[in-house]
Structure formats: C-alpha cells, structure tokens
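S.K.:
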Amino acid sequence: MTFAVDGDGRTFIVRQFAGYPFHVCRPHYFPHDAPGLATLYIQSSSGGIYQEDRHDIAIVAVDGARAHVTTQASTIVHGMERDRAAQRATITAGPGSHVEYIPDPLILFPASRLSTTLTLRIHESATAIVVDSFLMHDPRSADGAFDEFEARTMIEDWGGTRLATDRFRIAGRDILAAMPGISSDYRAQGLLMMVQRSNRTSDILAQLRAEIAVIDDVWAGGSTLPNEAGVWLRLLARDGAALRAGMMVAWATASEGITGIRPLPRRK
C-alpha cells in the first residue's frame, strides 16, 4: 500500500495490491484526528495464521502523507503440527510523513509457533509509531501454552543505517512458570516504538510513563531509543483487557506528542 496526499492535503491510497488472506478497506477520516490523516483497516478472511503461512505487509508513505494502519481485530495464531508461521511488515516513511502501524494483539493458541519481523525505514523529517503485542489463550481452558514466539523490530534511517533493534524469543511454558522478577503472572506483552528525531523526546517519554503508571494490572518500562531516534516502551499486562488498555494509552500519548492532537480509539 502506498499513501500520498491529494490537493486538499488529505491522505489517500495511491497504489495497492492485496492477495489472500488480506482485504484492504477504504480509508476512513475522523473529525478529531490530525488534519488529513487516513485510517485504514486491514482485514483477514482466513480466520487467523496457520502453520507454514508466510505473510508480507508493505506500507509506503510518500512526502507529507499521514496514515494510521490497524487491523479489524486481534489475529489468532493456531496450533501447528509442524514448521512455523512467519509474518513480515516493512514500513517506509518518506519526507515529512507520519505513519502509525497499530495492529491489535496476536492471540497465541497452544502449540503455535510464529516469527515476526517489522522493519521501519524512516526519513529524518518523518515520524512514526509502531507496535507489536501478544497474549496467550487456550480455548479448551486447559492452560495449554504456545511453543514459541519470536519478534524482531528494526528502525533504519533513510540511508539504511540501523538506528535501533528490539529482539526477543519466548516460550509459553516460560510465561506459565510465572517466575518472580521475569514475568510473574502477567501473560500478555506489548512493545511500542515512537520514532521522532527531535528534542521533545524526553517530554513525551515522561508523559508516557505518567499515563501508563495509573493503569491497573500493567507494568511498563520506557526509555529513549539509541541514536536519539525516539522512545521505546515495553509493557507487561495481566490479561488481554489490561494489554489493550495499556497499549491504547501508550499509542494515544505518543500520537499526541507528535501531532499535538490526542486521537480517539478506533471502532473495532
């Protein structure tokens, strides 16, 4: 998907291609958003992610485009008898653009195995917010656990130089162990990276810490990104409801810090 700006300053989709299982909806424009911001929902017609799936998402925002890309709901990662699934997202934020990639949390079913990679290449005059989050669930209520989840998030400058990387691998059995000082009984996690090359980073980080601190059933830690690239936040939540509350507050606070306008939650 490629976003551009029309003559009235409104962002629209200038180019798109979507194959199974993806469906791209028409952009929405909400009155309380930043001027010209397009909100786009990506839907799935497959009922989730299955073994040996390979999903690729590419988002490009050209000069001055403003886009918020999200999903219609959380995505289930189903149990697998062999191999694993993989999902790759590549985001390119051109000069003066603003991109928000805010998918709902992944739901990891027992015996699921998934690797995700998110790469953001961003111009020094652009801004972006990206998130990655997951929770575990056993539909049989038998306390089953996913096999493995591996996630990698990379931020690159316009020339391709790496600015920051977040990478981790975790097994469901480790979460179920509820080890003190590691994850305790918090079974959901979220990551947010806000990329903005400005001197306002410390103010936005302080606001993020203050707003997350008052949310029940959530622990979070935040810091500045390497190379003065922006802000990083990782969040532990007791359940899916707490995860959603924490991630929505984190996104809204980061977005307000960049655009000056606090966005309203998207209808799902």
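Following the working numbering from start to finish, the sequence shown increments by one per residue and tops out at 286. Here a beta-carbon is modelled for each residue, glycine too, at the ideal position from N, C-alpha and C. It should be emphasised that the depicted structure is a prediction, and the values quoted were computed from it without experimental measurement.
When you compare each of Gly82, His86, Asp51 and Asp26 to arginine 44 by their alpha carbons, which one comes out closest?
M.R.: For arginine 44, the nearest C-alpha among the options comes from His86.
S.K.: Taking the alpha-carbon positions, what's the arginine 256 to asparagine 245 distance?
M.R.: If you take the alpha carbons of arginine 256 and asparagine 245, they lie about 32 angstroms apart.
S.K.: Quick check: the stretch 88-103 against the stretch 48-68, are there 3 or more CB pairs under 8 angstroms?
M.R.: Output reads yes: the stretch 48-68 touches the stretch 88-103.
S.K.: Between the Cα of glutamine 105 and those of Ala169, Val149 and Leu58, spot the shortest distance and give me the residue it belongs to.
M.R.: Looking at the Cα atoms, Ala169 is the closest of the given residues.
S.K.: Under three-state DSSP, which class holds tryptophan 269?
M.R.: DSSP places tryptophan 269 in helix when its eight states are reduced to three.
S.K.: Taking only runs that begin and end inside the stretch 110-178, name each unbroken beta strand (DSSP E) of 3 or more residues, in chain order.
M.R.: 116-120, 124-126, 131-140, 145-154 and 166-175, all fully within the stretch 110-178.
S.K.: In the DSSP assignment, find the alpha helix (DSSP H) that holds serine 220 and state where it starts and stops.
M.R.: Looking at the DSSP string, the run of the alpha helix (DSSP H) that includes serine 220 is 219-230.
S.K.: Quick check on the DSSP output: the beta strand (DSSP E) that includes leucine 209 runs from which residue to which?
M.R.: 206-214 is the extent of the beta strand (DSSP E) around leucine 209.
S.K.: With H, G and I counted as helix, E and B as strand and the rest as coil, what does DSSP make of glycine 264?
M.R.: Three-state result, glycine 264: helix.
S.K.: If you follow the beta strand (DSSP E) that isoleucine 188 is part of, which residue opens it and which one closes it?
M.R.: Residues 180-188.
S.K.: If glutamate 118 sits next to isoleucine 75, beta carbons under 8 angstroms apart, how far is it from one beta carbon to the other, in whole angstroms?
M.R.: The Cβ separation is near 14 angstroms, so there is no contact.
S.K.: Could you check what DSSP says for glycine 278 in three-state terms: helix, strand or coil?
M.R.: DSSP places glycine 278 in coil when its eight states are reduced to three.
S.K.: Check each candidate in Phe186, Ser133, Ile230 and Met98 and name the one with the smallest Cα separation from phenylalanine 127.
M.R.: Of Phe186, Ser133, Ile230 and Met98, the residue nearest in Cα terms is Met98.
S.K.: Can we say the stretch 251-267 touches the stretch 135-146, given the rule of at least three CB pairs closer than 8 angstroms?
M.R.: Contact between the stretch 251-267 and the stretch 135-146 is absent, because fewer than three Cβ pairs lie under 8 angstroms.
S.K.: Work out the CA separation of glycine 199 and threonine 277 for me, nearest whole Å.
M.R.: If you take the alpha carbons of threonine 277 and glycine 199, they lie about 36 angstroms apart.
S.K.: Between glycine 240 and the rest of its own chain, which residues show a CB-CB distance below 6 angstroms, the 5 nearest in sequence each way excluded?
M.R.: Result list for glycine 240: Leu223, Leu226, Arg227 and Leu251, in chain order.
S.K.: Please report the straight-line C-alpha distance between alanine 36 and valine 42, rounded to a whole angstrom.
M.R.: Whole-angstrom Cα-Cα distance: 7 angstroms.
S.K.: In the DSSP assignment, what residue or residues form a beta bridge with glutamine 61?
M.R.: His41, per the DSSP bridge assignment.
S.K.: Please name the residue in Gly248, Arg280 and Asp234 whose C-alpha comes closest to that of glycine 264.
M.R.: Out of Gly248, Arg280 and Asp234, Asp234 has the C-alpha closest to the C-alpha of glycine 264.
S.K.: Measure the CB-CB distance between alanine 272 and leucine 194 and report whether it falls below 8 angstroms.
M.R.: In this structure, leucine 194 does not lie closer than 8 angstroms to alanine 272 by Cβ.
S.K.: Please report the distance separating the alpha-carbon of histidine 46 from that of threonine 242.
M.R.: Cα to Cα, the separation comes out at about 32 angstroms.
S.K.: Which residues does DSSP pair with aspartate 74 in a beta bridge?
M.R.: Answer is Arg106, bridged to aspartate 74.
S.K.: Using a 10 Å radius around the Cβ and a threshold of 16 neighbouring Cβ atoms, would you call leucine 282 buried or exposed?
M.R.: Burial call: exposed.
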